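In our numbering, the protein residues as written are 15 to 459.
Inspection log for the structure reproduced underneath, given as structure tokens.
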């Protein structure tokens with residue numbers, strides 16, 4: 015059984031019963047957004063969990079409802095939740111009900127579906143720390159499941175019991191993971207409706223994320239592994255990020271927080287831009303600098319919807335002017351133009367990710383860097399207030415991102431413009447486009 019063939023544990027239930035809170039209690043890495051509002055979770059959220067020597071894939075789903083609806087997003091949420099239950103390697107279903115409101119018809123409909131599928135079900139009655147639960151305590155026996163645990167996900171009640179019940183239900187040959195090592199993460203970032211979910215689906219070769227013209231369709235960071243160049247890459251789609259002053263919805267604030275958390279844990283950011291707009295917006299520039307400068311992540315800017323601008327000379331010229339205006343950024347990052355609709359240049363993205371990944375992993379010797387910078391300073395000396403800047407030694411401290419220590423005669427004299435001088439030399443010598451470089455200045459030892 016390979017790493018991607020873990021047995022699966024699926025959280026199922028109607029909306030707003032606490033599935034995502036349960037998921038967050040059990041998950042070790044991925045986090046679902048928890049908000050007191052119906053239908054927050056839409057897509058499938060996954061994480062790999064190890065407990066008592068057994069490893070399984072935990073899956074959170076959107077709320078199930080069997081009511082007729084013309085709402086496309088509700089239809090997609092329901093169909094994806096149901097589709098998960100028909101996949102291979104489903105070992106356990108955690109059926110979550112709300113003990114504070116009692117048994118509802120939708121709970122009974124879900125139970126009938128689970129009995130029909132003959133799946134191994136553990137019934138979780140959530141919110142049992144409420145006074146109203148005492149009125150409904152015996153109602154859930156009607157659902158006909160022998161395994162039932164009374165929990166409070168909010169207050170972490172009986173979480174250990176859930177994990178123990180899961181591992182006891184898993185097959186005996188469930189794989190054990192001693193150490194997964196560092197996971198290489200690539201995050202799709204951008205404003206709402208620029209095509210992030212469409213690109214994720216194209217790169218994965220399957221319909222993983224819900225795609226619709228409605229801004230804000232993706233609410234949570236959705237991750238999926240892909241094999242490329244014999245290596246595993248985790249691709250993560252994120253919620254679109256609007257200008258801070260335009261966000262006043264508490265749910266959207268949580269969505270933004272989830273997105274920025276994904277960026278913080280990424281190695282490479284794919285910033286998607288709607289080329290049809292003909293400009294690089296202030297928000298997109300802020301996201302680029304946030305990723306590349308503040309969080310020090312490798313950055314590839316993807317200009318999507320090229321099919322809409324191929325014959326529009328005005329917008330093409332406007333975008334070219336913007337790129338010239340922001341050359342101080344564009345010259346340091348990778349860019350690629352694509353169309354998710356026509357699939358133009360989609361095949362260029364993963365090879366470019368691999369190139370940037372290799373650049374992130376480069377190692378530089380003390381001797382090579384020291385000679386490189388000293389020779390540059392001999393050709394073009396730098397001065398500060400009439401004082402000549404002297405570099406004694408340069409040392410590569412770490413990769414991902416690259417951090418370079420400069421040992422100098424006076425740290426105060428080495429400001430931003432001086433460090434940019436060294437950055438430009440290093441980028442030109444080693445072809446480090448898309449990769450952040452961080453310089454720290456130290457007194458000579």
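Glycine included, C-beta positions come from ideal geometry on N, C-alpha and C.
Note that the structure is a prediction, hence the values are computed from the model and not measured.
{"Check": "Helix, strand or coil at residue 318 according to DSSP, with G and I counted as helix", "Outcome": "strand"}
{"Check": "Contacting residues, own chain, Cβ-Cβ under 6 Å from residue 421 (five flanking each side not counted)", "Outcome": "406, 407, 456 and 458"}
{"Check": "Entirely enclosed beta strand (DSSP E) segments - the segment 65 to 139, minimum 3 residues", "Outcome": "68 to 74 and 104 to 112"}
{"Check": "contact_flag[the segment 175 to 183, the segment 144 to 156] where n(CB pairs < 8 Å) is 3 or more", "Outcome": "no"}
{"Check": "Closest by C-alpha distance to residue 114, when choosing among 133, 104, 136 and 145", "Outcome": "145"}
{"Check": "Per-residue DSSP class, three states only, for residue 460", "Outcome": "Outside the displayed span of the chain (15 to 459) sits residue 460, for which this structure offers no information."}
{"Check": "Short Cβ contact (9 Å threshold) for residue 313 with residue 448", "Outcome": "yes"}
{"Check": "Collapsed DSSP secondary structure at residue 54 in the structure displayed", "Outcome": "Residue placement at residue 54 is flagged as unreliable, the pLDDT there being 40, under the threshold of 50; a coordinate-derived value is accordingly withheld."}
{"Check": "Residue 278 burial status per 10 Å Cβ neighbour count (16 or more: buried)", "Outcome": "exposed"}
{"Check": "Strand pairing of residue 60, partner residues [DSSP]", "Outcome": "73"}
{"Check": "Proximal residues to residue 162 (C-beta, below 6 Å), its chain only, five neighbours per side dropped", "Outcome": "137"}
{"Check": "With 16 other Cβ atoms within 10 Å as the buried cut-off, status of residue 55", "Outcome": "Residue confidence for residue 55 is low, a pLDDT of 46 falling below 50, so the modelled location carries little weight and cannot support an answer."}
{"Check": "Distance CB(residue 7)-CB(residue 285) smaller than 9 Å", "Outcome": "The structure shown has nothing for residue 7, since the chain only spans 15 to 459."}
{"Check": "Own chain, CB closer than 8 Å to residue 418, minus 5 neighbours either side, in chain order", "Outcome": "378, 383, 408, 409, 410, 411, 436, 440, 451, 452, 453 and 454"}
{"Check": "Check whether residue 128 and residue 147 have beta carbons under 9 Å apart", "Outcome": "no"}
{"Check": "Residue 308 burial status per 10 Å Cβ neighbour count (16 or more: buried)", "Outcome": "exposed"}
{"Check": "Range covered by the alpha helix (DSSP H) that runs through residue 214", "Outcome": "210 to 218"}
{"Check": "Cβ shell of residue 364 (< 6 Å), same chain only, five flanking positions each side left out", "Outcome": "242"}
{"Check": "Residue 163 - containing beta strand (DSSP E), residue span", "Outcome": "162 to 164"}
{"Check": "Residue 104 versus residue 240: straight-line alpha-carbon distance, rounded", "Outcome": "21 Å"}
{"Check": "Bridge partner(s) assigned by DSSP for residue 201", "Outcome": "250 and 283"}
{"Check": "Backbone secondary structure at residue 294 - three-state DSSP", "Outcome": "coil"}
{"Check": "CB of residue 321 within 9 Å of CB of residue 358, strictly", "Outcome": "yes"}
{"Check": "Cβ-Cβ separation, residue 158 to residue 125 (assumed contact under 8 Å), whole Å", "Outcome": "7 Å"}
{"Check": "Proximity below 9 Å, CB of residue 199 to CB of residue 281", "Outcome": "yes"}
{"Check": "Spatial distance of residue 23 from residue 374 (CA atoms)", "Outcome": "35 Å"}
{"Check": "Cβ-based burial, residue 362 [other Cβ within 10 Å; buried from 16]", "Outcome": "exposed"}
{"Check": "Check whether residue 343 and residue 306 have beta carbons under 9 Å apart", "Outcome": "yes"}
{"Check": "Spatially closest choice to residue 414 from 376, 290 and 65, by CA coordinates", "Outcome": "376"}
{"Check": "Whole-number beta carbon distance between residue 203 and residue 283, since they are thought to touch under 8 Å", "Outcome": "5 Å"}
{"Check": "Delimiting residues of the alpha helix (DSSP H) encompassing residue 150", "Outcome": "147 to 150"}
{"Check": "DSSP three-state assignment for residue 445, whether helix, strand or coil", "Outcome": "coil"}
{"Check": "Pair within 9 Å by beta-carbon distance, residue 432 and residue 386", "Outcome": "no"}
{"Check": "C-beta atoms of residue 140 and residue 63 nearer than 9 Å", "Outcome": "no"}
{"Check": "Reduced DSSP secondary structure (H/G/I, E/B, other) of residue 431", "Outcome": "helix"}
{"Check": "DSSP-derived helix/strand/coil call for residue 309", "Outcome": "coil"}
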